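Same order as they appear, the protein sequences are chains H and C. Residues in the first sequence are numbered from 7 upward in steps of one, following the numbering used here. Residues in the second sequence are numbered from 926 upward in steps of one, following the numbering used here. Cβ coordinates follow ideal geometry from the N, Cα and C atoms, glycine included. Every value quoted in this text rests on a predicted model; they were computed, and no experiment measured them. Worksheet: one structure, shown below.
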Amino acid sequence: NAGVTQTPKFQVLKTGQSMTLQCAQDMNHNSMYWYRQDPGMGLRLIYYSASEGTTDKGEVPNGYNVSRLNKREFSLRLESAAPSQTSVYFCASSEMWRDRGYEQYFGPGTRLTVT
Amino acid sequence: DAKTTQPPSMDCAEGRAANLPCNHSTISGNEYVYWYRQIHSQGPQYIIHGLKNNETNEMASLIITEDRKSSTLILPHATLRDTAVYYCIVRPKGNNAGNMLTFGGGTRLMVKP
């Protein structure tokens, strides 16, 4: 099992360019998430998808869009990148319907720099 | 969700127990305590979680006070590879759609030889 994979690992964009960050999980999890982490800070939730076919905004959704392509894949799109979006982006997945609570599994991250 | 308070940094000698405290004085009855850690540049890693009873797994032990207002994560024999930022997170149990984790500043644990 690869767990949660993310592509690309690194990306440099110019202001105004667009790009899509890809995420895939092979654990058959229902829920998937996108977080961003700025230097020296904790993670902040951008968007999440509780199950295939649904997406919802998190704490910091402005400037982003997401697509839950299928159960395995959840992509994050920056339509017009801004320097304030320079960050490390983490994708995560979890199993939704456990009674006791559940853990999220995180990918290795995508390091994005917007100049 | 209840907020948590953690010391910003701690040191621990290699081979000794690392005890990481967390205050969550406003926790409500349906909220779990979760611990994650983030080793430099990597994605966060789940460690353990609990509701009111103490919990132990292969990585750590979680001690929750009787009033549930604070908890301690214990790494019994810390190694250099345990150097990381440790996050204490409180969130409701159950099947709500969000399952969001709110990460604060965490505690930066430095394990020294």
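Query: Buried or exposed (CB count within 10 angstroms, at least 16 for buried), C/Arg993; Result: buried
Query: Interface partners of H/Gly115 on chain C, CB under 9 Å; Result: Ser966, Gln967, Gly968
Query: Cβ shell of H/Gln17 (< 6 Å), same chain only, five flanking positions each side left out; Result: Leu118
Query: N- and C-terminal bounds of the beta strand (DSSP E) containing C/Pro946; Result: 943-948
Query: First through last residue of the beta strand (DSSP E) which encompasses C/Pro1017; Result: 1009-1017
Query: Helix, strand or coil at C/Arg1006 [DSSP, three-state]; Result: helix
Query: Exposure label - H/Gly64; buried when at least 16 CB within 10 Å; Result: buried
Query: Inter-residue CB distance, H/Ser37 and H/Ala56 (contact presumed, cutoff 8 Å); Result: 5 Å
Query: N-terminal and C-terminal residue of the beta strand (DSSP E) that H/Met25 is part of; Result: 25-31
Query: CB contact below 8 Å: H/Leu51 versus chain C; Result: yes
Query: Secondary structure of C/Gln931, DSSP reduced to three states; Result: coil
Query: Inter-stretch contact (C-beta, 8 Å, three-pair minimum) for the stretch 930-937 of chain C and the stretch 968-980 of chain C; Result: no
Query: In DSSP terms, what C/Gln970 is bridged to; Result: C/Arg962
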